[in-house]
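Chemist: Residue numbers (my numbering), protein chains in the order written: chain E, 7 to 150; chain X, 7 to 150. Heads up, the beta-carbon is just placed ideally off N, CA and C, and yes, glycines get one too.
Protein chains: 2
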Amino acid sequence: MDAKAIKKSLESGGLRCTPQRYAVMAFLMEHDIHPTAAEIFEAVNRADPRCSRATAYNNLRDLVQAGLVREVAVEGRAARFDAKVMRHHHFVCDICGRVEDMDWYDVPHPSAESLGKRILRQSELIFRGLCAKCAQWYASRSAS
Amino acid sequence: MDAKAIKKSLESGGLRCTPQRYAVMAFLMEHDIHPTAAEIFEAVNRADPRCSRATAYNNLRDLVQAGLVREVAVEGRAARFDAKVMRHHHFVCDICGRVEDMDWYDVPHPSAESLGKRILRQSELIFRGLCAKCAQWYASRSAS
DNA sequence: TGGAAGTTTTAGATTAAATCTAATCTGACA
DNA sequence: TGTCAGATTAGATTTAATCTAAAACTTCCA
Ligand SMILES: [Mn+2]
Ligand SMILES: [Mn+2]
Ligand SMILES: [Zn+2]
Ligand SMILES: [Zn+2]
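Structural data, given as structure tokens:
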């Protein structure tokens with residue numbers, strides 16, 4: 007992963023590049039697993055423990071505000087995060103809860119009538135069903 | 007709201023119609039505000055306090071499992087609930103966070119290639135932007 | 001009726017996620 | 001070098017959700 011690129015993206019968001027902030031951003035850019043704040047906190051401290059819980063949460067909040075990271079809307083206790091690299095949709099597994107990236111494609115807008123006076127900024131598509139792993143497991147299970 | 011209909015829908019989900027369960031389901035069917043569990047708990051106890059916190063949560067869990075209620079996936083601390091009356095999409099306001107219902111329409115599926123071995127059950131569309139109220143407020147504010 | 005077996009509710013304790021607090025540290029810049 | 005806004009920190013606090021074990025209902029058959 008290109009350290010310069012991460013540094014640049016932080017600065018483009020008006021954020022200083024601190025070791026803790028860098029570690030959080032780098033972890034998110036290197037993984038597409040949509041980790042929770044607790045997972046990020048643990049991961050960035052595993053190698054070298056210099057990031058407190060409060061800082062992990064503060065930095066995630068700042069990164070989301072700066073538009074560099076998004077909070078993925080899925081049900082469940084803990085929020086999940088995602089570096090905004092390319093536009094994409096999400097697939098959530100009914101069984102294991104895993105959140106996977108899906109190729110992005112344009113979604114038809116709601117009708118002007120249904121939209122009313124609302125101002126549309128973004129449409130997000132969430133697919134649900136069985137991930138490849140769970141689909142296989144489920145099929146083999148039903149066969150027995 | 008038709009008490010018979012509520013009772014029937016509970017029974018269709020294999021759930022006994024208890025006063026507490028009925029109150030939770032009725033509240034959800036009578037409101038499209040996507041309340042949190044805490045709001046539901048408070049509301050059903052306002053008139054006549056007979057439902058404990060644990061029961062409110064238990065019943066919401068049972069109703070979701072029975073497919074009569076869905077948990078709406080939005081960011082934020084507390085889960086929000088929605089009686090499954092008709093298919094619809096959701097609009098989430100960037101400013102006030104309100105979750106509003108939007109007319110349902112069919113969403114194009116992902117390509118077979120992108121779907122891979124996954125099994126698709128449902129596609130959910132979430133719009134984001136400004137609700138009518140906040141759009142108006144925002145416009146008048148910028149004008150000044 | 002009576003009473004066993006299953007289901008539901010309950011108050012309060014517990015856990016988990018996120019935020020707050022107030023003290024301390026850091027580093028860019030004058 | 002000194003300043004100071006911004007960043008970090010440990011630990012306390014708040015909030016949402018779940019757990020526990022006892023009590024209260026239902027059901028259903030003797
Ligand atoms: Mn993603
Ligand atoms: Mn709805
Ligand atoms: Zn899965
Ligand atoms: Zn609004």
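Pair every Cβ in the segment 63-76 of chain E with every Cβ in the segment 15-31 of chain E, then say whether three or more of these pairs are closer than 8 Å.
Modeler: Enough Cβ pairs lie closer than 8 Å, so yes.
Chemist: If you pair each beta-carbon of the segment 42-53 of chain E with each one of the segment 43-52 of chain X, do three or more pairs fall below 8 Å?
Modeler: Short answer: they don't touch.
Chemist: Contact check, Arg134 (chain E) vs Asp100 (chain E) under 8 Å by CB: the rounded distance?
Modeler: With a Cβ gap of about 6 Å, Arg134 (chain E) and Asp100 (chain E) count as contacting.
Chemist: Specify the secondary structure class of Ala44 (chain E) as computed by DSSP and reduced to three states.
Modeler: Three-state DSSP puts Ala44 (chain E) in a helix.
Chemist: Do Arg56 (chain X) and Ala138 (chain E) have their CB atoms nearer than 7 Å?
Modeler: No, Cβ-Cβ distance for Arg56 (chain X) and Ala138 (chain E) is not below 7 Å.
Chemist: In the DSSP assignment, what are the bridge partners of Met108 (chain X)?
Modeler: Met108 (chain X) is bridged to X:His95.
Chemist: Residues of chain X with CB closer than 7 Å to the CB of Arg124 (chain E), please, in chain order.
Modeler: What Arg124 (chain E) touches in chain X: Phe97, Gly135, Leu136, Cys137, Ala138 and Ala141.
Chemist: Taking 6 Å as the cut-off, is the CB of Asp100 (chain X) close to at least one heavy atom of ligand 1?
Modeler: No.
Chemist: Which residues of the segment 52-84 of chain E have a Cβ closer than 7 Å to any Cβ of chain X? Give them in chain order.
Modeler: Flagged, chain order: Glu77, Ala79, Val80 and Glu81.
Chemist: At the level of alpha carbons, what is the spacing between Arg36 (chain X) and Val98 (chain E)?
Modeler: Checking the sequence, you will find Glu at residue 36 (chain X) rather than Arg. Approximately 29 Å, taken between the alpha carbons.
Chemist: Just to make sure I have the definition right: I need the residues of chain X whose C-beta is within less than 7 Å of the C-beta of Asp100 (chain E). Which are they?
Modeler: Here the neighbours are Arg127.
Chemist: Compare the C-beta of Met108 (chain X) with all C-beta atoms of chain E and state if any pair is closer than 7 Å.
Modeler: True, the Cβ-Cβ gap to chain E drops below 7 Å.
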